[in-house]
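Asker: Residue numbers for the sequence shown follow this note's numbering, beginning at 73 and rising by one.
Note that the Cβ used here is the ideal one computed from N, Cα and C, for glycine as well.
Remember, predicted model here, so these are calculated numbers, not experimental data.
Take this structure, written in structure tokens, and hold onto it; I'll ask about it next.
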Amino acid sequence: MDNPSKQLAEEYIRLGGHRRAVIDDNIVSTRCWEKDTPEAAQFWTDRIDTLDAARRRQVVSFLPTINRI
73 MDNPSKQLAE EYIRLGGHRR AVIDDNIVST RCWEKDTPEA AQFWTDRIDT LDAARRRQVV
133 SFLPTINRI
């Protein structure tokens, strides 16, 4: 069973989202070098930007990361 945060991240990517997670010293943010599709941008605005900070960090943690492991 997927969790809701993972489902949001997967749907954003499926819609053509290009944001990538940046996780550094427990600070979570995103970077985007390519423009999102209009559908992905609207999904991010409507479904992810509206989340509280903790839940938004959970969603971002399921995005592809730019960090090296």
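Give the DSSP bridge partners of alanine 93, in chain order.
Answerer: Counting from 1 along the sequence shown, the entry for residue 93 is found at position 21. Paired residue(s): Thr102 and Thr137.
Asker: Quick check on alanine 112: buried or exposed, where buried means 16 or more other Cβ atoms within 10 Å of its Cβ?
Answerer: Translated into the one-based positions of the sequence shown, residue 112 becomes position 40. Label assigned to alanine 112: buried.
Asker: Could you give the distance in angstroms between the alpha-carbon of arginine 129 and the alpha-carbon of proline 110?
Answerer: For the purposes of this step, residue 129 is identified with residue 57 of the sequence shown, where counting begins at 1. For the purposes of this step, residue 110 is identified with residue 38 of the sequence shown, where counting begins at 1. About 22 Å.
Asker: What did DSSP end up calling lysine 78 once you bin it into helix, strand or coil?
Answerer: Position 6 of the sequence shown, counted from the start, is the residue given in the question as residue 78. Of the three classes helix, strand and coil, the one that applies to lysine 78 here is helix, per DSSP.
Asker: For tryptophan 105, count neighbouring Cβ atoms within 10 angstroms of its own Cβ and tell me buried if that reaches 16, exposed if not.
Answerer: Counted from its first residue, the sequence shown places residue 105 at position 33. Tryptophan 105 comes out exposed.
Asker: Let me check understanding here. Comparing Cα to Cα, which of Ala81, Ala93, Asp108 and Gly88 lies closest to threonine 137?
Answerer: Sequence index remark: in the sequence shown, residue 137 carries index 65 (1-based). Checking every option, the nearest Cα to that of threonine 137 belongs to Ala93.
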